[in-house]
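Going letter by letter, the sequence shown gives residues 92 to 412 in the working numbering. Note that the Cβ used here is the ideal one computed from N, Cα and C, for glycine as well. Read the structure below first, then the notes.
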Amino acid sequence: MRIALVSETFTPADDPSARVTREVAVRLTAAGHDVVVFAGGRGQATFHGARMCWASRMTPVSAVREAMALSRPDVCHLLDPHRLGMKAAEAADRLGVPTVVLEPRRWGPGVDLDHHHPGLRDEALHDRWARAHAPDGGRVVVVHDGPLDRRKVVGRLATIARLPGVRLVALGEGAGADHLRAAGAKVVPRATGVERARCLASADLLVQPRKRAAYAPVLLEALASGVPVVAFDSGTATRAVKHEQNGLLVTTDRGGKALARAVARLAASPDLRFTLAAQARGSVAGRTWDDAVAELLEQHYPRATAGPAGARDLRVEGIPH
């Protein structure tokens, strides 16, 4: 099958959309499919056998359409579409290429169970973060992974950082880093690869303070590492996190204080943390990246291409394109 993947960002970026697109592209090409990745920015000409088509904010729809026409895809998959995604959707529509956009409630990311697992937990690192040997030590280590440049997100994290008995560790960087440090958080910029996986596994729990994160593979990565999750019930969390089974969910109509209360509940309940942690890895064992991509190939892409001749457009789970 010829498949066009469209993402606003891609490698070397490490945001959720870039990571999801990268994992999907690697497995599609490994399975023998012809893949072209449309991405914002600039970079290498190929990636693991997939051809790259880079675009800027100024790239016209006509140029995207021309590149897509040369690729002749059977289906165009838009991952968390914004500016480039809208251009690609218009180009695909004019070319008669069916498009797929999947809500996180219908499809979500997978996880690499070999790369993320409880065996990476570093007790010495955890104890340093927890200040285990200080007079006021023994704090619960709460990790956040992501950019620190959104005011509301940083505000919610700062509230958590000020909770008694909690040490927030933020894996990321951005304008809000100094604000979090002032609130008592530890900021770890540029943690990638095995080091990032080690940091996740060394936490007591992970918090996701964003309400509108379409794809958040870090939630599955934390669970695979045996780390419970506290998150708003949106995006990937609706599929990955089971309330009071492997984490806690907070409804999106509640604010940052409700999220902090959920963190405080776990911080004060070591037995509950232990129970949730014990069930975390098993809860995502059936959602590897191979499973996630197989679902695309067996369910969602065939639905896109199964329409009658001349009616190539598609409505996927109620989303018009």
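In its own chain, which residues sit with a C-beta less than 8 Å from the C-beta of residue i, not counting the 5 before and 5 after it?
| i | result |
| --- | --- |
| Gln336 | Leu367, Gln370, Ser374 |
Buried or exposed, going by whether 16 or more other CB atoms sit within 10 Å of the CB of residue i?
| i | result |
| --- | --- |
| Glu286 | exposed |
| Gln390 | exposed |
| Ser325 | buried |
| Asp205 | exposed |
| Phe101 | buried |
| Ile94 | buried |
| Pro172 | buried |
| Gln135 | exposed |
| Ser162 | buried |
| Thr190 | buried |
| Arg148 | exposed |
Excluding the 5 residues preceding and the 5 following residue i in the sequence, name in chain order all residues of the same chain whose CB lies nearer than 7 Å to its CB.
| i | result |
| --- | --- |
| Gly228 | Ala221, Arg222 |
| Arg118 | Trp380, Asp381, Val384 |
| Val245 | Leu239, Gly267, His270, Leu271 |
| Leu363 | Leu357 |
So, at 6 Å on beta carbons, what are the nonlocal neighbours of residue i in its own chain, with the 5 sequence-adjacent residues on each side left out?
| i | result |
| --- | --- |
| Gly176 | Val97, Leu169 |
| Tyr392 | Val166 |
| Val332 | Val320, Ala322, Gly338, Leu340 |
| Thr120 | Val126, His139, Gly140, Ala141 |
| Asp106 | Thr100 |
Helix, strand or coil for residue i? Go by DSSP, reduced to three states.
| i | result |
| --- | --- |
| His334 | strand |
| Thr250 | helix |
| Thr102 | coil |
| Leu239 | coil |
| Asp184 | helix |
| Leu388 | helix |
| Ala305 | coil |
* Segment contact flag, the region 147-158 with the region 107-119, C-beta cutoff 8 Å, min 3 pairs -> no
* If you pair each beta-carbon of the region 235-250 with each one of the region 276-294, do three or more pairs fall below 8 Å? -> Yes: the two stretches touch, three or more of their Cβ pairs being nearer than 8 Å.
* Contact the region 194-201 vs the region 256-265: 3+ CB pairs below 8 Å -> no
* Start-end ranges of the alpha helix (DSSP H) lying completely within the region 138-164, minimum 4 residues -> 152-162
* Asked: Pairing CB atoms from the region 302-312 with CB atoms from the region 200-216, are three or more of them under 8 Å?
  -> In this structure the region 302-312 touches the region 200-216; the number of beta carbon pairs closer than 8 Å is three or more.
* Asked: What residue ranges within the region 270-302 form continuous beta strand (DSSP E) runs of no fewer than 3 residues, ordered along the chain?
  -> 277-279, 296-299
* To do: Only counting runs of 3 or more residues, tell me where the beta strand (DSSP E) segments fall wholly within the region 199-238, in order along the chain.
  => Complete beta strand (DSSP E) runs here, min 3: 231-236.
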